[in-house]
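To convert, note that position 129 of the sequence shown is 129 in the UniProt record's numbering; the numbers rise steadily by one, no gaps. First comes the structure, then the notes that go with it.
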Amino acid sequence: MVLSYLDARSAAEPDDRSGAHTWSMTNQSDGLPVLVIDGADFSDFDGFAREFSRLLCNYTWRGNLDAFNDILRGGFGTPENGWVLRWLNSDSSRAALGYEATALWLEVVLLTCHPSNRSNFEARISSARRSEGPTLFDDLVEIIRDHGPGGNESEDGVLLELV
1 MVLSYLDARS AAEPDDRSGA HTWSMTNQSD GLPVLVIDGA DFSDFDGFAR EFSRLLCNYT
61 WRGNLDAFND ILRGGFGTPE NGWVLRWLNS DSSRAALGYE ATALWLEVVL LTCHPSNRSN
121 FEARISSARR SEGPTLFDDL VEIIRDHGPG GNESEDGVLL ELV
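What follows is the structure, encoded as structure tokens:
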């Protein structure tokens, strides 16, 4: 599921390019490039956005899930013709991007979402507060997997490895 919303943060935020691209070649016969994010390097959604942005060339992703979906289609500094996203310490991320983080993130999104989407976000906030439904981690994984084998946008060739 891709959530539509406007980014609640300012587009004028500084572009943090302190990280470098983390690409390596896999040991697989297909030789796909591997981009690595490490769940030990962040503890919230903003941290995930910063960590993922370090993989991109000349683009800073600010946490909009529609934009994340677009990035996975290519053209934002990700490798052409398929690649692997290796998510180290993904269990740490699953916990950090769980129900509490999901409710907080949805509350921010609710401030700027289109009025026709308010009831959807309010229902998701209520569900997250009851520890029900998909978490932010679940949404991210679903979006990524949609760009890989069996997904609706499998032609993008993004393979997710949760490590």
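We put the beta carbon where it would ideally sit given N, CA and C, even for glycine.
Between Leu72 and Ile144, the C-beta gap is smaller than 8 Å, which places the two residues in contact. The continuous alpha helix (DSSP H) containing Asp66 extends over residues Leu65 to Arg73. DSSP lists Arg86 as the beta-bridge partner residues of Glu161. No Cβ-Cβ contact shorter than 8 Å links Trp105 with Glu161.
Assignment of Asp146 by DSSP, reduced to helix, strand and coil, places it in the coil class.
The three-state reading of DSSP puts Asp38 in strand, counting E and B together. Taking a C-beta distance under 8 Å as the contact criterion, Asp38 and Asn89 qualify as a contact pair. Distances from the alpha-carbon of Ala103 to those of Asn69, Tyr59 and Pro134 put Pro134 closest. Taking C-beta atoms as the reference points, Arg50 and Phe42 count as a pair closer than 8 Å. The criterion of a C-beta distance shorter than 8 Å is satisfied by Ser131 and Tyr99. According to the DSSP assignment, Ser119 belongs to the alpha helix (DSSP H) that extends over Arg118 to Arg129.
Distance from the CA atom of Cys57 to the CA atom of Gly74, rounded to whole angstroms, is 11 Å. In this structure, the CA atom of Ala96 is about 25 Å from the CA atom of Trp83.
Per DSSP, the unbroken alpha helix (DSSP H) holding Ser53 starts and ends at Phe45 to Ser53.
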